[in-house]
Structure formats: C-alpha cells, structure tokens
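Trainee: The working numbering applies: residue 18 is where the sequence shown begins, and numbers increase by one. Before we start, here is the structure in question, set down as structure tokens.
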Amino acid sequence: MTELNGDAQTMSLVAFTAVATVTLLLCVMTGPDRDDLDEFYTGYRSLSPLRNGLAIAGDYISAATVLGTGGVIALYGQDGVILALSTALSLMLLMFLLAEPLRNAGRFTMGDALARRMPGRTVRITACAVTIAALLPLMLVQLAGTGQLIAFLLGFSGDSVQTGCMVGMGILMISYATIGGMKGTALIQILKIVMLLGSGTVIALLVLHRFDWSPGALFDAAAKGSGVGDAFLHSGLEFSHSAHPGLDMISTQLAVVLGGACLPHITMRMYTASNAREVRRSMSWAVSGVALFVLIITVVAFGATALIGRAVIAGVDPQGNTAYLLGARAAFGQDVSMAETLLFTTVTTSIFLTVLASVAGMILACANSLAHDVFALRTRDMTPRREMLIARLSALAVGLPTILLAAQVQHRSLQPLVTLTFCIGASALAPALVYSLFWRRYTRTGLLCTLIGGTLSVLVLIPGTNLVSGSPVAAFPDADFNWFPYTTTAVVTVPLGFALGWLGTLASGRRKAEEQRRQYEAVEGWILAGAVRRGD
C-alpha cells in the first residue's frame, strides 16, 4: 500500500501540469494591470469575507502543516492531535486579539504596523530583516521537500531529478508572486484550500467507513498498529526521550500558538479586508476552515497508522511526512478503481498546489517588505510604477537564493527549520506586535530590543537542540553538540522577547516613555477601533 500504481502516477503527472498551467494563467488574468500599489499589495481589498477567509486559511495551512502535522499524528498519536489543535488555537488568537488592530494600524506590511507609532527607517528595516529571517526557513522546508514529494508520487529516482523538480517548482512560485500580486496569490490559495478540504473530507469519510463509522474503533486500531499500545492515545510519546517531557511539550505548543499567529505572510492578509467588520467575518471563515482541516488530518493520519502501521510509515519517511498520502492510499484498500484513482489524484494535486501557493505567499510577503519598507523609503519621490518594479525584482532576489539553499538542505532533516520559523514568530514578532498595539509607553528602543534580541536568542539556541544533532533523525545525525535540553526554544526565548522589550523601554527613560504614550494616545482610536479613517 505504500506504492502508487502506474495509473495514479500518470494521472498525477497530467494533473500537476494542468494545475500549474491553469494557476499561472489565473495569475496573469487577475494580476495588477496598472501601476497601482493598492492593487498589487492588497488587491484593492476587493475580496469578499468568504474568499478572503479561505485565502487566509490557505496561507495558514502550508505544506509543512499538512505533511508535518500529519506525520506527527501518525507517529505519536495524541501528541500530534494536540499539535494540530494548537494550530487552530493560534488562528483563534490572531482572530480575537490581533486581527482588527493589525488591519487598522498597518497598510501593506509588518513594517507599516510597527512604524505606525514609531516611524523611521530603522524600525522598518529591522522589521524587514525579521520578516525574511522568519519566513526563509519555512520556504526552504517546503521547497526542499518538493523534489522528494514529487519523486515519491511519480516514481522518479535520482538526486538530479529531484533537484530539477525543485528548481522548476521554485521558478513557478516566483512567477506567481511577481505576476499575480496579492489578488493572484489569493485566488490560488482559495483553489488550494477548496481542493484540500474537499478531497480530504472524502478521504476521511472513507477511512471512517473502513471502521464502521466508529471513531473509537479507529483509535483502537491505530493504537494497535502503532506498536506502543495505549501510550499512542496518551500525551508524552513524542517527548518520552526528553529530559523534561512536560516542559518540552509546553515549549512546542507555545511556539506554535504564538508563532503561527504572527508570521508575516499571515498578518499581511489582514490588510486585504476593507474594514474591521470584514476582518472579523474573514477570520471566522478562516478559523472554520482550519478547524475542519484539523478533523480531516486527524482521521486520515490515525487511519494511516491503523491500516498500514507506524513502522511502515516511519520506514518510508522517518519524519512521517508521507503519512497523509499513505493514509489516503490505504483508505481505498487493495483494489483501486478508476474513480478512487481519480480521487487520489485530487489529493496529490491539492498537496502539490499547497506547496506552490504557500511558498508564493511567503515570497510575496518578503518581497513586499523589501520593496515597501527598505527601498521605497530611500527616495521620497518614489513612483508607484518604480515601487512595483522593485517589488517584483525583490521576489526574484528572495526566490532565487531560496532555490539554491533548498538544493543544499534537501537531503537533511528539515524539522529544525520549521521550528526556527515558529520560534522567531513567537519570540520576536509576537512580543513586538502585542507591545506595539497595546502598550502605551512602548518605545523605539524597546521595539528594536524585542525584534533583534528575540531573533538572535532563537538563532543562538536552535543549534543546541536535539533537532540539529544528537539523535538519529536530527539534521546532523552523526554529530552531537546537543546542549539545550528542549526541542524548541520558546520556553526560554518567548519570555526573553517580552522581557527585552520591557527592559529596552525602561532603558529609554521616563521622558521617552511619556512621549510614546502621547503618540500612542493620538493613534489609539485608529489602532484599537478604527475610529478615524486612515489616509491610505
């Protein structure tokens, strides 16, 4: 059941080609046809709440989420379910705490939101640097895994073929960002999330049908197939070899909940809503879509463990990244009809589109920040035409090095890069946004301490985790420089990020703090309630 037949491979290849062609045409047709920054950066805020919500959910559910979370559920049971629920909780945190103030404070980028109170190039350049530092690792993960995924689906072999597939996908992703802009990438995200949720729902129902529609029977069979018995259905299996299992789990959940809510390619979608009411409605649709996905991936991943066994899943990929696809294949049984082959092709195509859409959105977020926060402010008379040209060139400047770096890391464990992204989001971006949007006395020095200190602390601690060395599934399995006792850094770096912002503000002095309080009070109505119409 781990091998795909020739019909499935042929249909998948045809479907991939068709989807790539159609989505590229969509970008050409819907991309900005004028030199208008609002059209390129926000799509004129013309998306309805439903479509914008689906686009937010599409950006949020990356290929790393589909494949990585599915693998954790299939290999570690309840720990994986908790991780999946944490992703949904993260989006709810964004919905209830940050979405409306972000939309009111910002215009196009993270730098806009942070510079609303503290204007200046230093803040914007720092915000751009942290944006790239947070998103580059996640882009590498998804792009590096693309070659291996396509090779698995289509039966290709050889490093050169995998690298060629990865380069082709990378060029396609850059094209999406440069041609389509915000509206074009949003339409691809909508197509991707509809295909992912639609095909996933059908697969989940097929899995439940195999167990007479009994979730209890499914869970019992998964526990039996896991080889570890009831431990599969209780928390702690994933961190059983950790020196501090409880704190290690808390650290991981903290990184996912805080980090996922504040990543720049997610927060930039807040600026595509026309007003605060539209943001709330959009986020409601996004949360609903992510909640449905959590149910789907839980059932399919448990089904994979129940039907083919945990050992087989780990044998195909030690990280379990193929568990979702293996579960979908196993749901059909031994004899696969043409209709089931077509359904499986839809599943594989949705994964393929997930990779394309996710990385395109991240490239766009980085390119927008480079163009708007760094280059556009260097010249006061920067024309919209020139800024759009710079944004498109920035997409190339971000995308091409990403392809080259992905080729270097594609055969190593990519989990440290995923962790790096979420830890930077939780340790630098989350404290900076919370303080900037809600703390009246927060100063420029405090903001820079939060962004720079939070990011550097993660970069210093990540190499010491067991994800990098000291375990068979680490990025460097033959080395052992593991000195940090937790899998993620969040339990240390998140409090440190908040503390650095507080200390930086204290170090600024009472006069600066009072000055910032007065400046915040001048824009408080804009940020918290959108009470005054912004001139953007």
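Ideal Cβ positions, reconstructed from N, Cα and C, are used throughout, including at glycine. Source: prediction; values computed, not measured.
Quick check on DSSP: helix, strand or coil for Phe560?
Mentor: Outside the displayed range of the chain (18 to 553) lies residue 560, so it cannot be described from this structure.
Trainee: What would DSSP say about Ser486, mapped onto helix, strand or coil?
Mentor: As a position in the sequence shown, residue 486 is number 469, starting the count at 1. If DSSP states are grouped into helix, strand and coil, Ser486 belongs with the strands.
Trainee: Counting only the same chain and skipping the five closest in sequence on each side, list residues whose C-beta sits under 8 Å from that of Ala35.
Mentor: Stepping through the sequence shown from its first residue, residue 35 is reached at position 18. Hits under 8 Å: none found.
Trainee: Out of curiosity, what's the CA-to-CA distance linking Gly1 and Ile99?
Mentor: Residue 1 lies beyond the stretch modelled for the chain, which goes from 18 to 553, so this question has no answer here.
Trainee: Taking the alpha-carbon positions, what's the Ser29 to Ala328 distance?
Mentor: To locate residue 29, count along the sequence shown from 1; it is residue 12. To locate residue 328, count along the sequence shown from 1; it is residue 311. Straight-line Cα distance between these residues: approximately 26 Å.
Trainee: What would DSSP say about Phe369, mapped onto helix, strand or coil?
Mentor: Counting from one through the sequence shown, the residue named residue 369 turns up at place 352. Three-state DSSP puts Phe369 in a helix.
Trainee: I'd like the list of long-range same chain contacts for Gly123, defined as Cβ closer than 6 Å, with 5 residues on each side in sequence excluded.
Mentor: Numbered from its first residue, the sequence shown carries residue 123 at position 106. Asp129, Ala130 and Tyr288.
Trainee: Taking the straight line between their C-alpha atoms, what separation do you get for Ile90 and Gly337?
Mentor: Indexing the sequence shown from 1 puts residue 90 at position 73. Indexing the sequence shown from 1 puts residue 337 at position 320. If you take the alpha carbons of Ile90 and Gly337, they lie about 9 Å apart.
Trainee: Report yes or no: do three or more beta-carbon pairs, one from the region 516-535 and one from the region 279-298, lie closer than 8 Å?
Mentor: The region 516-535 is not in contact with the region 279-298.
Trainee: Going by beta-carbon coordinates alone, are Tyr58 and Phe125 separated by less than 7 Å?
Mentor: For the purposes of this step, residue 58 is identified with residue 41 of the sequence shown, where counting begins at 1. For the purposes of this step, residue 125 is identified with residue 108 of the sequence shown, where counting begins at 1. Cβ atoms of Tyr58 and Phe125: closer than 7 Å.
Trainee: Could you say which of Cys440, Leu394, Leu225 and Gln432 lies nearest to Val274 if we only look at CA atoms?
Mentor: What you label residue 274 is simply residue 257 of the sequence shown in a count that begins at 1. Minimum Cα distance to Val274 is reached at Cys440.
Trainee: Measure the alpha-carbon distance for Ile220 versus Arg458 and round it to whole angstroms.
Mentor: One-based indexing of the sequence shown puts residue 220 at position 203. One-based indexing of the sequence shown puts residue 458 at position 441. Roughly 52 Å between the two C-alpha positions.
Trainee: If I measure Cβ to Cβ from Asn499 and keep anything under 6 Å in the same chain, skipping five residues before and after, which residues do I get?
Mentor: Taking the first residue of the sequence shown as 1, we reach residue 499 at position 482. Result list for Asn499: Asn483, Ser486 and Gly487, in chain order.
Trainee: Give a yes or no on whether the C-beta atoms belonging to Ala384 and Glu404 are separated by under 7 Å.
Mentor: By 1-based counting over the sequence shown, the position of residue 384 is 367. By 1-based counting over the sequence shown, the position of residue 404 is 387. No; because the gap between Cβ atoms is not below 7 Å, this pair is not in contact.
Trainee: With distances taken Cα to Cα, identify the nearest neighbour of Cys466 among Thr371, Leu102, Ala239 and Ala524.
Mentor: In the sequence shown, counting from the first residue as 1, residue 466 sits at position 449. That would be Ala524, whose Cα lies nearest to the Cα of Cys466.
Trainee: In whole angstroms, what separates the C-alpha of Val549 from that of Trp543?
Mentor: The residue you call residue 549 lines up with position 532 of the sequence shown. The residue you call residue 543 lines up with position 526 of the sequence shown. Because Val549 carries a pLDDT of 48, less than 50, the predicted location of this residue cannot be relied on, and the following value inherits that uncertainty. Each residue's alpha carbon lies about 5 Å from the other.
Trainee: Starting from Leu100, trace the alpha helix (DSSP H) in both directions and tell me its first and last residue.
Mentor: Stepping through the sequence shown from its first residue, residue 100 is reached at position 83. Gln95 to Leu110 is the span of the alpha helix (DSSP H), which, as asked, contains Leu100.
Trainee: If you drop the 5 nearest sequence neighbours on each side, which residues of the same chain put their C-beta closer than 6 Å to that of Tyr503?
Mentor: As a first step, residue 503 is located in the sequence shown; it is residue number 486 there, counting from the start. Result list for Tyr503: Asp265 and Ser268, in chain order.
Trainee: Quick one: what does DSSP say Ser291 is sitting in, helix, strand or coil?
Mentor: The residue you call residue 291 lines up with position 274 of the sequence shown. Looking at Ser291 - three-state DSSP - the assignment turns out to be coil, as it is neither helix nor strand.
Trainee: What does the alpha-carbon distance come out to for the pair His261 and Gly253?
Mentor: Along the sequence shown, read from residue 1 onward, the residue named residue 261 stands at position 244. Along the sequence shown, read from residue 1 onward, the residue named residue 253 stands at position 236. Near 10 Å, if we compare the C-alpha coordinates of Gly253 and His261.
Trainee: Assess contact between the region 449-457 and the region 181-201, defined as three or more Cβ pairs (one per stretch) separated by less than 8 Å. Is contact present?
Mentor: In short, these stretches do not touch, since the Cβ pair count stays below three.
Trainee: Let me check understanding here. Comparing Cα to Cα, which of Thr436, Gln206 and Thr362 lies closest to Leu64?
Mentor: The residue labelled residue 64 in the question sits at position 47 within the sequence shown. For Leu64, the nearest C-alpha among the options comes from Gln206.
Trainee: If Leu431 and Gly162 are in contact, beta carbons under 8 Å, what's the gap, nearest whole angstrom?
Mentor: Here residue 431 corresponds to residue number 414 of the sequence shown, with the count starting at 1. Here residue 162 corresponds to residue number 145 of the sequence shown, with the count starting at 1. The pair is a contact, with the Cβ atoms about 6 Å apart (cut-off 8 Å).
Trainee: Where does Asn69 land, buried or exposed, given buried means 16+ other C-beta within 10 angstroms?
Mentor: As a working note, residue 69 is residue 52 in the sequence shown. The residue in question, Asn69, is buried, as its Cβ has 16 or more Cβ neighbours within 10 Å.
Trainee: For Asp553, does the three-state DSSP call read helix, strand or coil?
Mentor: To locate residue 553, count along the sequence shown from 1; it is residue 536. The pLDDT assigned to Asp553 is 42, lower than 50, so where the model puts this residue is not dependable, and the model offers no usable value.
Trainee: Along the alpha helix (DSSP H) that carries Val2, what are the first and last residues, could you check?
Mentor: Summary: the structure shown does not reach residue 2, with the chain confined to residues 18 through 553, and so no result is reported for it.
Trainee: Do Gly87 and Ile314 have their C-beta atoms within less than 7 Å of each other?
Mentor: Within the sequence shown, numbered from 1, the residue matching residue 87 stands at position 70. Within the sequence shown, numbered from 1, the residue matching residue 314 stands at position 297. Yes.
Trainee: Look at the Cβ atom of Ala492, then the Cβ atom of Pro433, and state whether they are nearer than 7 Å.
Mentor: By one-based count along the sequence shown, residue 492 stands at place 475. By one-based count along the sequence shown, residue 433 stands at place 416. Yes; because the gap between Cβ atoms is below 7 Å, this pair is in contact.
Trainee: Give me the Cα-Cα distance between Thr19 and Ser103, rounded to the nearest whole angstrom.
Mentor: By one-based count along the sequence shown, residue 19 stands at place 2. By one-based count along the sequence shown, residue 103 stands at place 86. The pLDDT assigned to Thr19 is 48, lower than 50, so where the model puts this residue is not dependable; a value taken from the coordinates is nonetheless given after this. Whole-angstrom Cα-Cα distance: 29 Å.
Trainee: What is the DSSP secondary structure of Val333, reduced to helix, strand or coil?
Mentor: Counted from its first residue, the sequence shown places residue 333 at position 316. Helix at Val333.
Trainee: Counting pairs of beta carbons, one from the region 299-315 and one from the region 68-83, are three or more of them closer than 8 Å?
Mentor: With a cut-off of 8 Å, the region 68-83 and the region 299-315 count as touching, because enough Cβ pairs lie within range.
Trainee: Contact between the region 338-352 and the region 108-115 is defined here as three or more beta-carbon pairs at a separation below 8 Å; is this criterion met?
Mentor: Segments in contact, no.
Trainee: Do the CB positions of Gly156 and Leu373 come within less than 7 Å of each other?
Mentor: Position 139 of the sequence shown, counting from 1, holds the residue named residue 156. Position 356 of the sequence shown, counting from 1, holds the residue named residue 373. Note that residue 156 is Met in the sequence shown here, rather than Gly. Taking 7 Å as the Cβ cut-off, Met156 and Leu373 do not qualify as a contacting pair.
Trainee: Of the choices Leu92, Gln270 and Leu166, whose alpha-carbon is the least far from that of Val511?
Mentor: On the sequence shown, position 494 is the one that residue 511 refers to. Minimum Cα distance to Val511 is reached at Gln270.
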